[in-house]
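2 protein chains.
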Amino acid sequence: MEEPHAAGKTGLLSRDFLPEFVYGGIDGAITTFAVVAGATGASFDIPVVIVLGFANLIADGFSMSVGNFFSSKASVDAYEKHKATEHWEIDNLRETEVEEIREIYRKKGFEGELLEQVVAVITSNKEVWVDTMMKEELELSKDQKSPYQTAGMTFFSFLLIGFIPLAAYVFALIFDTSKDNLFLYACILTGVALSIIGVLKSTVNNKNVLQGVAETLFLGGIAAILAYFAGDFLENLFR
Amino acid sequence: MEEPHAAGKTGLLSRDFLPEFVYGGIDGAITTFAVVAGATGASFDIPVVIVLGFANLIADGFSMSVGNFFSSKASVDAYEKHKATEHWEIDNLRETEVEEIREIYRKKGFEGELLEQVVAVITSNKEVWVDTMMKEELELSKDQKSPYQTAGMTFFSFLLIGFIPLAAYVFALIFDTSKDNLFLYACILTGVALSIIGVLKSTVNNKNVLQGVAETLFLGGIAAILAYFAGDFLENLFR
Chain A
55 MEEPHAAGKT GLLSRDFLPE FVYGGIDGAI TTFAVVAGAT GASFDIPVVI
105 VLGFANLIAD GFSMSVGNFF SSKASVDAYE KHKATEHWEI DNLRETEVEE
155 IREIYRKKGF EGELLEQVVA VITSNKEVWV DTMMKEELEL SKDQKSPYQT
205 AGMTFFSFLL IGFIPLAAYV FALIFDTSKD NLFLYACILT GVALSIIGVL
255 KSTVNNKNVL QGVAETLFLG GIAAILAYFA GDFLENLFR
Chain B
55 MEEPHAAGKT GLLSRDFLPE FVYGGIDGAI TTFAVVAGAT GASFDIPVVI
105 VLGFANLIAD GFSMSVGNFF SSKASVDAYE KHKATEHWEI DNLRETEVEE
155 IREIYRKKGF EGELLEQVVA VITSNKEVWV DTMMKEELEL SKDQKSPYQT
205 AGMTFFSFLL IGFIPLAAYV FALIFDTSKD NLFLYACILT GVALSIIGVL
255 KSTVNNKNVL QGVAETLFLG GIAAILAYFA GDFLENLFR
């Protein structure tokens, strides 16, 4: 059985960053696939496909990381704002806040004299008091991940998983192998990229791996097909 | 002063979805700008720019929402997994877990007989016990937003804010106005879109609005410039 304490670790590769890894990886794989599909449809040479693919990886990956940065920062700011509100309420609406602590501990099964003693201890230390309100009343925990960490992990995952659909083109260029069927390989590799995400999220969370892979392949596949038509079909239609 | 209880509400437009709105909006504005820049660089007609823009909104918005869905689901699953671990530990390592509750309440300022009474009440109800371990030991709160809600809000924001850089082209087509300077207007409107996000995240979280706008314009601007070169410059270079 896993140690539950692992939730406190914040190393880049720890399970804590699984949500960012999944988010960045899925979007990276699908947008790179869209670029490869569009470039293939336009009959670009392999070096051009690769340059466009890497350009998308860097530009779209950076764009997504900027979105992640401000999104994470908004969460952190919201937490700090609620905490400031609780501090204000304790200073200005003390009796109401004491009653809220009493209600929180009554719900935990405390009553009578013991309940009053517990309320007295909690409300004797303002930090403990605010901390209790945040966790019990607002159900908010302080996120231990910084916006820089979540944005970095999103970028890393976008690049790493997003490179997979490009891999066949890079391989063909470097080793000068057959240029046939490269787009077919890109389709298969995009499926592999989505499957890796599916396997990862399932094993980390002790869920059924087959179901996890089927989910990412199904929804990711729909997104890839939409991206294919958006990037390739429409472009050719209007040219 | 705001009511802190607002954190419990889960309406689509409540502040709870600010992180998703920010994330989807920033990525929507920048990727649409990239499409508009690329299409303008390739001298496409206005209807083509609009079709490509909407195709990107739907395809990339859907791709991002799929990423968000699995990312949110991974968070929910991680919470449930840790909860199952705590249940297992209480059943199998009871004494260790009792000692952990004792340590948690000692840190809150309880001691002696009162501490023992508190530990006895908390550990008399398994739900309260597990809930305490989740909040106090693991610092995890149950996310009240479902993956469907966060993915839906991401898609909505991607479409809404992502449409803004396209607006000048749609306006020029519908009202048959001058076709000059459309790309310039798209650049300005992208700045407006990023500023809206900046204003929104600052006002909701009681932060300095000017600073919030400057942040999104600065990092979003870098991402937009990267996207511009990726979509337009490189494509022309290799053709």
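Going down the list, the protein sequences come from chains A and B.
Each step along the first sequence adds one to the number in the numbering used here, with nothing skipped, and position 128 is 182.
Each step along the second sequence adds one to the number in the numbering used here, with nothing skipped, and position 139 is 193.
The C-beta atom is built at its ideal place from N, Cα and C for all residues, glycine as well.
query: Per DSSP, what kind of secondary structure is PHE116 of chain A in: helix, strand or coil?
result: Within the first sequence, the letter at position 62 stands for residue 116 of chain A. Here PHE116 of chain A sits in helix by DSSP.
message: Please classify GLU157 of chain A as buried or exposed, where buried requires at least 16 other C-beta atoms within 10 Å of its C-beta.
response: Against the first sequence, residue 157 of chain A aligns to sequence position 103. By the 10 Å Cβ count, GLU157 of chain A comes out exposed.
message: Less than 8 angstroms between CB atoms is the rule here; does MET207 of chain A satisfy it with respect to chain B?
response: Position 153 of the first sequence, counted from the start, is the residue given in the question as residue 207 of chain A. No - not a single Cβ of chain B is within 8 angstroms of the one on MET207 of chain A.
message: Is THR270 of chain A close to chain B? Criterion is C-beta to C-beta, closer than 8 angstroms.
response: For the purposes of this step, residue 270 of chain A is taken as the residue at position 216 of the first sequence. Yes, contact with chain B.
query: Among residues of its own chain, excluding the 5 on either side of GLU143 of chain A, which ones have a beta-carbon nearer than 6 angstroms to its beta-carbon?
result: Here residue 143 of chain A refers to the residue found at position 89 when the first sequence is read from its first residue. Correct list, in chain order: GLU151.
- prompt: Per DSSP, what kind of secondary structure is ALA96 of chain B in: helix, strand or coil?
  reply: The residue you call residue 96 of chain B lines up with position 42 of the second sequence. Looking at ALA96 of chain B - three-state DSSP - the assignment turns out to be coil, as it is neither helix nor strand.
task: Consult DSSP for LEU264 of chain B and reduce its assignment to one of helix, strand or coil.
output: Position 210 of the second sequence, counted from the start, is the residue given in the question as residue 264 of chain B. The answer is helix: DSSP assigns LEU264 of chain B an H, G or I state.
- prompt: Is there a Cβ from chain A that is less than 8 angstroms from the Cβ of ILE84 of chain B?
  reply: Start at 1 with the first residue of the second sequence, and residue 84 of chain B comes out as number 30. It does; some Cβ of chain A falls within 8 angstroms.
field: Close-in-space but distant-in-sequence residues of the same chain around ASN122 of chain B (CB under 6 angstroms, 5 per side omitted)
entry: As a first step, residue 122 of chain B is located in the second sequence; it is residue number 68 there, counting from the start. The residues are THR204, ALA205, THR208.
task: Would you kindly check if the distance between the Cβ of VAL184 of chain B and the Cβ of HIS141 of chain B is under 8 angstroms?
output: Counting from 1 along the second sequence, the entry for residue 141 of chain B is found at position 87. Counting from 1 along the second sequence, the entry for residue 184 of chain B is found at position 130. Yes, the pair counts as a contact, with Cβ atoms nearer than the cut-off.
Between the CA atoms of LYS196 of chain B and LYS350 of chain A - distance to the nearest angstrom: Outside the shown range of chain A (55 to 293) lies residue 350 of chain A, about which nothing can therefore be said.
message: So for THR64 of chain B, helix, strand or coil by DSSP?
response: For the purposes of this step, residue 64 of chain B is taken as residue 10 along the second sequence, with counting starting at 1. Note on THR64 of chain B: pLDDT 40, under 50, position unreliable in the model; the coordinate value appears next. Coil at THR64 of chain B, not helix or strand.
field: Interface flag, GLN171 of chain A vs chain B, CB-CB below 8 angstroms
entry: Counting from 1 along the first sequence, the entry for residue 171 of chain A is found at position 117. Yes, contact with chain B.
- request: With a threshold of 16 other CB atoms inside 10 Å of the CB of LEU28 of chain A, please say whether the residue is buried or exposed.
  value: Residue 28 of chain A falls outside the range modelled here, since chain A spans only 55 to 293, and no answer is possible.
- request: Output the distance between the C-alpha atoms of ILE215 of chain A and ILE250 of chain A, rounded to the nearest integer angstrom.
  value: By 1-based counting over the first sequence, the position of residue 215 of chain A is 161. By 1-based counting over the first sequence, the position of residue 250 of chain A is 196. So the two alpha carbons sit approximately 9 angstroms from each other.
Limits of the unbroken alpha helix (DSSP H) element including ALA247 of chain A: The residue you call residue 247 of chain A lines up with position 193 of the first sequence. Per DSSP, ALA247 of chain A belongs to the alpha helix (DSSP H) from 236-258.
query: Which residues in chain A sit within 7 angstroms of PHE116 of chain B, going by Cβ to Cβ distance?
result: Here residue 116 of chain B corresponds to residue number 62 of the second sequence, with the count starting at 1. Here the neighbours are ALA277, LEU280.
- request: Can you give me the Cβ contacts of PHE71 of chain A inside the same chain, cut-off strictly under 6 angstroms, excluding the 5 residues immediately before and after it?
  value: Taking the first sequence and counting its residues from 1, the one referred to as residue 71 of chain A is at position 17. Closer than 6 angstroms at Cβ, skipping near neighbours: MET207.
message: To the nearest angstrom, how far is the alpha carbon of VAL102 of chain B from that of ALA277 of chain A?
response: If you number the second sequence from 1, residue 102 of chain B lands on position 48. If you number the first sequence from 1, residue 277 of chain A lands on position 223. Cα to Cα, the separation comes out at about 22 angstroms.
message: Would LEU213 of chain B pass as an interface residue toward chain A - the criterion being a Cβ-Cβ separation below 8 angstroms?
response: Within the second sequence, the letter at position 159 stands for residue 213 of chain B. So, not an interface residue.
Contact belief for PHE120 of chain B with ALA240 of chain B at Cβ below 8 angstroms, rounded distance in angstroms: The count along the second sequence starts at 1 and reaches residue 120 of chain B at position 66. The count along the second sequence starts at 1 and reaches residue 240 of chain B at position 186. Sequence inspection shows Val at residue 120 of chain B; the Phe mentioned does not correspond to that position. Between VAL120 of chain B and ALA240 of chain B a beta carbon distance of about 27 angstroms is seen, past the 8 angstroms cut, so the two are scored as non-contacting.
Reduced DSSP secondary structure (H/G/I, E/B, other) of GLU294 of chain A: Shown here, chain A extends from 55 to 293; a query on residue 294 of chain A therefore has no answer.
message: Once DSSP output is grouped into helix, strand and coil, what is the label at MET55 of chain A?
response: As a first step, residue 55 of chain A must be located in the first sequence, where it is residue number 1. In this prediction, MET55 of chain A has a pLDDT of 41, which is less than 50 and means its spatial position is unreliable; what the coordinates show is noted afterwards. It is coil, neither helix nor strand.
task: Would you check if the distance between the CB atom of PRO73 of chain B and the CB atom of SER125 of chain A is smaller than 8 angstroms?
output: Start at 1 with the first residue of the second sequence, and residue 73 of chain B comes out as number 19. Start at 1 with the first residue of the first sequence, and residue 125 of chain A comes out as number 71. Against a cut-off of 8 angstroms, the Cβ pair of SER125 of chain A and PRO73 of chain B comes out as a contact.
message: Using beta carbons (cut-off 8 angstroms, strictly below), is GLY65 of chain B in contact with chain A?
response: If you number the second sequence from 1, residue 65 of chain B lands on position 11. Its pLDDT being 43, under 50, GLY65 of chain B is placed unreliably by the model, and nothing is read from it.
- request: Go to GLY216 of chain A, then tell me how far its alpha helix (DSSP H) extends in each direction, as first and last residue.
  value: As a working mapping, residue 216 of chain A is identified with position 162 in the first sequence. That run of the alpha helix (DSSP H) goes 201-217.
message: Are the CB atoms of PHE237 of chain A and THR85 of chain A within a distance shorter than 8 angstroms?
response: Reading the first sequence from its first residue, position 31 is the one you call residue 85 of chain A. Reading the first sequence from its first residue, position 183 is the one you call residue 237 of chain A. The Cβ atoms of THR85 of chain A and PHE237 of chain A do not sit closer than 8 angstroms to each other.
query: What are the boundary residues of the alpha helix (DSSP H) that includes GLY166 of chain A?
result: Position 112 of the first sequence, counted from the start, is the residue given in the question as residue 166 of chain A. GLY166 of chain A -> alpha helix (DSSP H) spans 166-176.
message: If the criterion is Cβ atoms closer than 8 angstroms, does the pair ASN259 of chain A and LYS135 of chain B meet it?
response: As a position in the first sequence, residue 259 of chain A is number 205, starting the count at 1. As a position in the second sequence, residue 135 of chain B is number 81, starting the count at 1. Yes. Within cutoff.
field: Coarse secondary structure for THR231 of chain B, derived from DSSP in three states
entry: By 1-based counting over the second sequence, the position of residue 231 of chain B is 177. THR231 of chain B falls in the coil class under three-state DSSP.
query: What does GLY163 of chain A reach in chain B if we use C-beta pairs closer than 7 angstroms?
result: Position 109 of the first sequence, counted from the start, is the residue given in the question as residue 163 of chain A. The contacting residues are VAL175, SER178, ASN179, VAL182.
field: Close-in-space but distant-in-sequence residues of the same chain around TYR282 of chain A (CB under 7 angstroms, 5 per side omitted)
entry: Walking along the first sequence from the start, residue 282 of chain A turns up at place 228. Excluding residues within five positions, the ones whose Cβ falls inside 7 angstroms are ALA88, ALA91.
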